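Protein chains: 4
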Amino acid sequence: MNENGREWSVSMNSDREALELAPELQTTRWFNTDQTLTLERLRGRVVVLVAFQMLCPGCVARTIPLAQRLDQTFDRDELAVIGLHTVFEHHEVMTPQALEVFLSEYRVTFPVGCDTPDPNGGTTPVSMSTYGMQGTPTLVMIDSLGNRRAQHFEMHDELVLGAEIGLLLAERRRFMHADD
Amino acid sequence: MNENGREWSVSMNSDREALELAPELQTTRWFNTDQTLTLERLRGRVVVLVAFQMLCPGCVARTIPLAQRLDQTFDRDELAVIGLHTVFEHHEVMTPQALEVFLSEYRVTFPVGCDTPDPNGGTTPVSMSTYGMQGTPTLVMIDSLGNRRAQHFEMHDELVLGAEIGLLLAERRRFMHADD
Amino acid sequence: MNENGREWSVSMNSDREALELAPELQTTRWFNTDQTLTLERLRGRVVVLVAFQMLCPGCVARTIPLAQRLDQTFDRDELAVIGLHTVFEHHEVMTPQALEVFLSEYRVTFPVGCDTPDPNGGTTPVSMSTYGMQGTPTLVMIDSLGNRRAQHFEMHDELVLGAEIGLLLAERRRFMHADD
Amino acid sequence: MNENGREWSVSMNSDREALELAPELQTTRWFNTDQTLTLERLRGRVVVLVAFQMLCPGCVARTIPLAQRLDQTFDRDELAVIGLHTVFEHHEVMTPQALEVFLSEYRVTFPVGCDTPDPNGGTTPVSMSTYGMQGTPTLVMIDSLGNRRAQHFEMHDELVLGAEIGLLLAERRRFMHADD
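Residue numbers (numbering that gives the first Met the number 0), protein chains in the order written: chain A, 0 to 179; chain B, 0 to 179; chain C, 0 to 179; chain D, 0 to 179.
Right, here's the structure in full:
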């Protein structure tokens, strides 16, 4: 809630000096892409990072369809929708093999990476820890310069998400023109 | 559809020289405000103009709730949601008196103006004609400088609308800072 | 809730001696039918009586579509869906003339009668009073013998309503065969 | 569609002599119950048999929530909702172990059995074959005498399902009284 008591509160800092690069992704495997995607490779595009688990009911009912619509609505040259399978429970059944079936059955078309398991044997995978995610689903909004601008836990408000994307796309276009 | 075959196509012209001011509203009466609202008075804010009829099923089921959510989501100092009752059929029952009951029953909180009836006795009211609206519902996106940037007939895609608003809010903020 | 703590509780009395005929409808005008419908005329069919107001948001969003689906799902020779416009507020704008436009715009195909205004000048119309309705929407389930078997205020559970109809249709078929 | 062109068409045969017992279930394991459930054990109750796969999107989005609501709406002494995990594809990831996690995450409370794999190495499990199911989801309506009365593939119409249940519950009550 902002000062006016409205729900909209773009947490996107406009203070250039206070921005921080989003941590690089740590992944073991990718689906729906031939590449090992990194945020560095995606630089120049706005990125919506979608952290989920394939047996998380809220992710399946709401987040995956939302991500799919994001991928279909916007121009992939401007906005990249990237899934991240952050398994922090029931690791034995939410395997990459099972994820592959899930992505096929749900006709997911955007790239999805598998978050790297904790090398120390903990339950939370590496990227999920680095980003300080509270659970799934989590959406991370990353601007075209690679800065993490917002991180949403269990949030599906399309007006707010759309507005955040619109802001980041507007910034991106300005940056692009500034290069001219 | 844009070049990449995606649904997103911001029709918002960035060519400053090609922009046109949105025509001023012609209204007879207002609800949920003490003022006779005009676009000139709203200058400095992004405006979403929501043209509807109180007995249009799509307007009632989808557009009014969407407009209500827009009004509750964004800061009214930045974005103004303005209803316009554009009665072009069944004028005898969609009267201002009936509209007043409708707005109360549906708990509409944003300002709503009554489009001025055609002085020549035609069925289409003045603002609706001036804007060239095809019917109801129609959403018009007006930037903080008063330019009509997009006009949508029967459209309720919250990701697209949110992104358009985000773009216009980003521009507005840049204009505001440019004044500093 | 019944003894087992489940939501299903068919209030339909099976005690034949305790049943009461539903009060006859008092109406001034009908739409979507050439007849002045009465429960007596409908005897032999299960009747779902749908009391609503055209500017009641819950009625418009949920009850009218539900009634429309009931009318389209079941055989009209077995089940009659009958609307009753029970105006108890804002009488000046929810007129029969306005109702006619509403029914046309919402493509309502089942018969709808206008409840008779209180001859003593009260706000509640006659049938609504006689049935003791708490407000709108109210659904009344009437068996093929004309008995009022259930009355629901603000209820739209399709599984429960479907089951009640199934029970009444089963009874009706048994009665029909009993005549053989 | 029945003769009158309406969608309702109770396929439930009332010709007592033409009815057939539903084939007995062949299962390897059960969840949410201590028993190995059989239709014979359930005799005396109406049974809704819900065949699904845990990675079938339509089952997850619509059938499981519907089955859950059936279980919560009706009296378990009268109606038994029974899940059947009929894995006919991707057997390697839709294991009983994965199903157990799925049922826990989705908070499924009704009993679910695992259909017995084809002993001849085919992909379709035994009960699914015996019932001649076309795929998942499939709902089978079984009366309190154990007869298969209807079988629905990819169907979620709650008015129709509710009505079928109402009919079977009415029959059941009559049978019970007939025993008196």
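In this text, a Cβ means the ideal position worked out from N, Cα and C, and glycines have one as well.
Remember, it's a predicted structure, so these values are computed and weren't measured experimentally.
| query | result |
| --- | --- |
| Are there 16 or more other CB atoms within 10 angstroms of the CB of S143(C), so buried, or fewer, so exposed? | buried |
| Does the CB of H155(A) have a neighbour CB from chain D at under 8 Å? | no |
| With a cut-off of 8 Å on the beta carbons, I'd call L78(A) and V45(A) a contact; round off their distance for me. | 5 Å |
| Using a 10 Å radius around the Cβ and a threshold of 16 neighbouring Cβ atoms, would you call P136(D) buried or exposed? | buried |
| V92(D) CB to nearest chain A CB: under 8 Å? | yes |
| Can you tell me whether V111(D) is helix, strand or coil according to DSSP? | strand |
| Can you tell which of F87(D), L18(D), D76(D), Q34(D) has its C-alpha closest to the C-alpha of F51(D)? | F87(D) |
| Out of T115(C), G82(C), V100(C), D76(C), which one is the CA nearest neighbour of P64(C)? | G82(C) |
| Quick one: which residues of the segment 141-167 of chain D get their C-beta closer than 9 Å to a C-beta of chain C? List them in chain order. | D156, E157, L158, V159, L160, G161, A162, E163, I164, G165, L166, L167 |
| Can at least three beta-carbon pairs, one atom from the segment 86-101 of chain C and one from the segment 95-106 of chain B, be found at a separation below 8 Å? | yes |
| Would you verify that the beta carbon of F87(D) is, or is not, closer than 8 Å to some beta carbon of chain A? | no |
| Which of helix, strand or coil does DSSP assign to W7(A)? | A caution first: W7(A) carries a pLDDT of 49, below 50, which makes its placement in the model unreliable, though a value can still be read off. Residue state, collapsed to three classes: coil. |
| Between which two residues does the alpha helix (DSSP H) containing V100(D) stretch? | 95-104 |
| At 9 Å on the CB atoms, spell out the chain C contacts of Q133(B), in chain order. | Within 9 Å Cβ-Cβ: nothing; Q133(B) doesn't reach chain C, min ~17 Å. |
| Check whether the Cβ atoms of F30(A) and L102(A) sit closer than 8 Å, and answer yes or no. | yes |
| Only counting runs of 4 or more residues, tell me where the alpha helix (DSSP H) segments fall wholly within the segment 114-158 of chain C, in order along the chain. | 125-130 |
| Have a look at the DSSP bridge pairing and note the partners of R171(C). | Answer is none; R171(C) lacks a bridge partner. |
| Following the continuous alpha helix (DSSP H) through T72(B), name the residue where it begins and the one where it ends. | 63-72 |
| What does A79(B) reach in chain C if we use C-beta pairs closer than 8 Å? | Here the premise fails: no neighbours, minimum Cβ distance about 24 Å. |
| Tell me, please, which residues DSSP counts as bridged to A79(A). | V46(A) |
| Pull the bridge partners of L20(B) from the DSSP assignment, please. | N146(B) |
| Below 8 Å CB to CB, which residues in the same chain sit around E23(C) once its five sequence neighbours on both sides are set aside? | T37, L38, E39 |
| Could you work out which residues of chain A lie near E16(B), taking near to mean beta carbons separated by less than 8 Å? | Within chain A, no residue comes near E16(B); the closest Cβ sits about 16 Å away, beyond 8 Å. |
| With DSSP run on the structure shown, which of helix, strand or coil describes H84(D)? | strand |
| How many Å lie between L18(B) and I141(B) at the Cα? | 11 Å |
| Can you pull the chain B neighbours of Q96(C), defined as C-beta to C-beta under 8 Å? | E91, V92 |
| When Cβ atoms are compared, which residues of the segment 98-122 of chain B fall closer than 7 Å to chain C? | V100, F101, E104, Y105 |
| Given a limit of 8 Å on CB to CB distance, which residues of the segment 38-64 of chain A reach chain D? | L54, C55, P56, V59, A60 |
| Rounded to the nearest angstrom, what separates D179(C) and S128(D) at their Cα positions? | Bear in mind that the predicted position of D179(C) carries a pLDDT of just 49, short of 50, making it too unreliable to give a figure here. |
| Taking just the CA atoms, how far does R147(A) sit from Q25(A)? | 16 Å |
| Output yes if chain C places a C-beta closer than 8 Å to the C-beta of A169(D); else output no. | yes |
| Could you compute how far the alpha carbon of V59(C) sits from the alpha carbon of Q67(C)? | 11 Å |
| Taking its Cβ as the centre, do 16 or more other Cβ atoms sit within 10 Å of F73(C), making it buried, or is it exposed? | buried |
| Thinking L69(A) and L160(B) are a contact (beta carbons under 8 Å), I'd like their distance in whole angstroms, please. | That pair is no contact at about 14 Å. |
| In three-state DSSP terms, what is D179(C)? | In this prediction, D179(C) has a pLDDT of 49, which is less than 50 and means its spatial position is unreliable; nothing more can be read from the coordinates. |
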